[in-house]
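Note that the numbering used here has the sequence shown beginning at 2, numbered continuously upward.
Report on one structure; see the data block that follows.
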Amino acid sequence: MFIHNIDPVLFSLGHISVRYYGIIYALGFLITYYLLKKAGEKKVIPLTPDDLENYMLWLIIGVVVGSRIFEVLFYHPAYYFSNPLEILRVWRGGLSFHGGLVGAYIATYVLAKKKNISFLQLADVLVIPAALALALGRIANFINGELYGTPTDLPWAVQFPADPQPRYPSQLYEAIKNLL
2 MFIHNIDPVL FSLGHISVRY YGIIYALGFL ITYYLLKKAG EKKVIPLTPD DLENYMLWLI
62 IGVVVGSRIF EVLFYHPAYY FSNPLEILRV WRGGLSFHGG LVGAYIATYV LAKKKNISFL
122 QLADVLVIPA ALALALGRIA NFINGELYGT PTDLPWAVQF PADPQPRYPS QLYEAIKNLL
């Protein structure tokens with residue numbers, strides 16, 4: 002059994018903490034940018050460098066804002082509506098995959114319509130960086146000790162800080178699935 006005692010903070014500079022989760026978000030966006038840039042250069046998708054930079058800005062906004070909106074509305078609405086300033090404090094956690102997906106979809110749909118690009122053609126290129134970013138995100142969930150699986154007594158069970166019962170590291174299973 003693995004005793005999970007991973008600190009989700011990579012390092013701190015005064016009151017500013019750099020978390021693995023934030024680094025993984027940034028890495029996911031960088032991978033997306035790189036792969037879309039290569040696809041544009043090879044004329045797989047008709048995106049100019051300026052189009053790509055504008056799209057990435059809107060993609061980041063769409064993912065983060067969408068993630069937070071879904072977290073607020075669907076997971077902890079009573080808490081956030083009682084503490085409205087907490088809605089803005091994304092660094093304290095609380096981002097929903099489903100909202101990020103909706104935000105990414107909207108940003109991509111708007112780009113496709115604005116630039117008269119086939120949405121499906123763009124989605125075909127985006128599926129690879131999306132799968133990689135999701136795999137990295139699940140590794141971040143493991144580091145944070147969240148979204149773990151059901152109890153088990155298998156040798157590779159993990160005891161997470163919030164629950165003394167050994168559990169499946171389902172985040173790692175999903176990361177592997179996303180990579181495949």
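Idealized CB from N, CA, C, for every residue including glycine.
Straight-line measurement puts the Cα of Ala134 at about 12 Å from the Cα of Lys178.
Contact check for Gly67 against Val103 passes: the beta carbons are separated by less than 8 Å. Using a 10 angstroms sphere on the CB of Ile25, the tally of other CB atoms reaches 16 or more, which defines it as buried. Distance from the CA of Glu42 to the CA of Ala176, rounded to the nearest whole angstrom, comes to 29 Å. Secondary structure note for Phe82: its alpha helix (DSSP H) is the uninterrupted segment Pro78 to Ser83.
Assignment of alpha helix (DSSP H) within the segment 67-139, counting only whole runs of 4 or more residues, yields 78-83 and 98-116 in chain order. Burial is judged here by how many other beta carbons sit within 10 angstroms of a residue's own beta carbon; Gly63 has at least 16 and is buried. In the structure shown, Leu14 falls within a strand segment according to DSSP collapsed to helix, strand and coil. Around Asp52, the same chain offers Lys116 as residues with beta carbons nearer than 7 Å, after the five sequence neighbours per side are excluded. Comparing alpha carbon positions, the residue from Glu54, Gly146 and Leu60 closest to Gly100 is Leu60. In the three-state scheme derived from DSSP, where H, G and I count as helix and E and B as strand, Val64 is classed as helix. Asn179: member of the alpha helix (DSSP H) spanning Ser171 to Leu180, first to last residue. In the structure shown, Asp8 falls within a coil segment according to DSSP collapsed to helix, strand and coil.
In the DSSP secondary-structure assignment, Asp164 is bridged to Phe161. In the DSSP assignment, Leu36 falls within the alpha helix (DSSP H) that extends over Tyr21 to Glu42. Between the alpha carbons of Asn6 and Gly15 lies a distance of about 22 Å. Secondary structure of Pro50 (DSSP, three-state): helix.
Contact check for Ala141 against Tyr22 passes: the beta carbons are separated by less than 8 Å.
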